[in-house]
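In our numbering, the protein residues as written are 4 to 125. Structure record follows, encoded as structure tokens.
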């Protein structure tokens with residue numbers, strides 16, 4: 004009949020030594036090394052995250068300052084434009100009123116006492 008192969012009683016897979024206590028010591032040492040490597044990696048990543056966070060906050064603050072400056076500039080331009088439009092509107096109003104008054108005065112001067120007037124407003 005088929006016989007099962009006998010188990011080898013050598014050292015465990017991946018172990019350098021054959022005794023259990025030495026294997027446990029090796030495993031504990033590997034665990035300590037891995038933990039220290041992971042802790043150093045975690046520390047590096049945390050410092051990188053802190054640097055990126057600080058850079059992000061600086062960038063956000065700078066952009067907020069630029070946005071505030073642009074908003075102030077836009078408000079100043081709107082005020083200046085409003086003042087200029089008011090000046091133009093006043094000038095146009097005065098010009099049209101003066102022209103209308105002049106036209107009315109000319110129409111009154113050229114009007115005859117009897118009959119049709121010479122000049123009419125259109």
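Yeah, the Cβ is synthetic: ideal placement off N, Cα and C, and Gly gets one too.
- In the three-state reduction of the DSSP assignment, residue 22 falls in the coil class.
- Straight through space, the alpha carbons of residue 78 and residue 108 are spaced by roughly 45 Å.
- Between the alpha carbons of residue 25 and residue 31 lies a distance of about 10 Å.
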